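Novice:
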Amino acid sequence: MSRKANPLILFLVFILVVGVAMMVFGIYFIVLGIEARSWPMVEGRVVSTTIRVETDVSSNTGATRAQRKRHHRYYPQVNYTWTVDGESYSGSRYTLGTTYEKFRERSDAREAAKQFPAGSAIPVYYDPKDPSQAVLDPSSSFAIYIPLLLGLFFAAASGLGLRFRKALEQTAAAGPGTAGDAGKPAG
Numbered sequence: 000m001s002r003k004a005n006p007l008i009l010f011l012v013f014i015l016v017v018g019v020a021m022m023v024f025g026i027y028f029i030v031l032g033i034e035a036r037s038w039p040m041v042e043g044r045v046v047s048t049t050i051r052v053e054t055d056v057s058s059n060t061g062a063t064r065a066q067r068k069r070h071h072r073y074y075p076q077v078n079y080t081w082t083v084d085g086e087s088y089s090g091s092r093y094t095l096g097t098t099y100e101k102f103r104e105r106s107d108a109r110e111a112a113k114q115f116p117a118g119s120a121i122p123v124y125y126d127p128k129d130p131s132q133a134v135l136d137p138s139s140s141f142a143i144y145i146p147l148l149l150g151l152f153f154a155a156a157s158g159l160g161l162r163f164r165k166a167l168e169q170t171a172a173a174g175p176g177t178a179g180d181a182g183k184p185a186g
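Residue numbers are given in numbering that gives the first Met the number 0: position 128 of the sequence shown equals residue 127, and the series is strictly consecutive.
Here is the structure:
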């Protein structure tokens, strides 16, 4: 006699697996962030600096497309090169966990970009285990903790769902009239 798989349990197990995977990735990313603080530094060169824009659209319920507000954030993206043991690399990562500081005004981003004129020398911090991975700022932001926190949330939500589902199944199996006086006739 085969038992049919319950879709809710399959979904909760899937969420649990996703949560655990995110926690593993999150722990790896946090360890990488801690290690980055001691990465060796080499002199790199700025190839170019461009101003990038990130646009968020508010999602007001019931708002038409024209009524939704657009929020722009501007940031400088620095493209740079560095050399380790005779091998040249290029990148644009500023720090682990986030991009460059974001500004409300394009002019503020342009001002920040002036720190990185093309051709100028800059310190580049690289991963000694993988020199193709590098940053301009070896400190890390709070964003490196987000995968771990999301993973914990998904795993906890799935665990609670599995726990309460079992309790609901037991209550349903006990039959009517066992959940208090609600089903008893007045008398």
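Idealized CB from N, CA, C, for every residue including glycine. As the structure is a prediction and not an experimental result, all values here were calculated from the model.
With 16 as the cutoff for other CB atoms within 10 Å, does Ala120 come out buried or exposed?
Specialist: It is exposed - the Cβ of Ala120 has fewer than 16 other Cβ atoms within 10 Å.
Novice: Looking at Val17 and Phe153, is the spacing between their C-beta atoms short of 8 Å?
Specialist: Yes, the Cβ-Cβ distance between Phe153 and Val17 is below 8 Å.
Novice: Cutting at 6 Å between CB atoms, please list the residues of its own chain near Phe102, excluding the five before and the five after it.
Specialist: Tyr73, Ala108, listed in sequence order.
Novice: Based on Cα-Cα distance, which residue from His70, Ala173, Trp81 lies nearest to Val52?
Specialist: It is His70.
Novice: Helix, strand or coil, according to DSSP, for Ser106 in the structure here?
Specialist: Note: Ser106 maps to helix in three-state DSSP.
Novice: Would you please state the rounded distance, in angstroms, between the beta carbons of Thr94 and Ser87? I believe it to be under 8 Å.
Specialist: No, Thr94 and Ser87 are not in contact; Cβ-Cβ is about 22 Å, not under 8 Å.
Novice: Taking buried to mean at least 16 other C-beta atoms within 10 Å of its own C-beta, is Val30 buried or exposed?
Specialist: When all chains shown are included, Val30 counts as exposed.
Novice: Thinking Ile26 and Leu147 are a contact (beta carbons under 8 Å), I'd like their distance in whole angstroms, please.
Specialist: Ile26 to Leu147, Cβ: 6 Å. Contact.
Novice: Taking buried to mean at least 16 other C-beta atoms within 10 Å of its own C-beta, is Ala166 buried or exposed?
Specialist: By the 10 Å Cβ count, Ala166 comes out exposed.
Novice: Looking at the unbroken alpha helix (DSSP H) that takes in Tyr27, where does it start and where does it end?
Specialist: Start and end: 6-35.
Novice: Quick one: is Thr54 buried, meaning 16 or more other Cβ sit within 10 Å of its Cβ, or exposed?
Specialist: The residue in question, Thr54, is exposed, as its Cβ has fewer than 16 Cβ neighbours within 10 Å.
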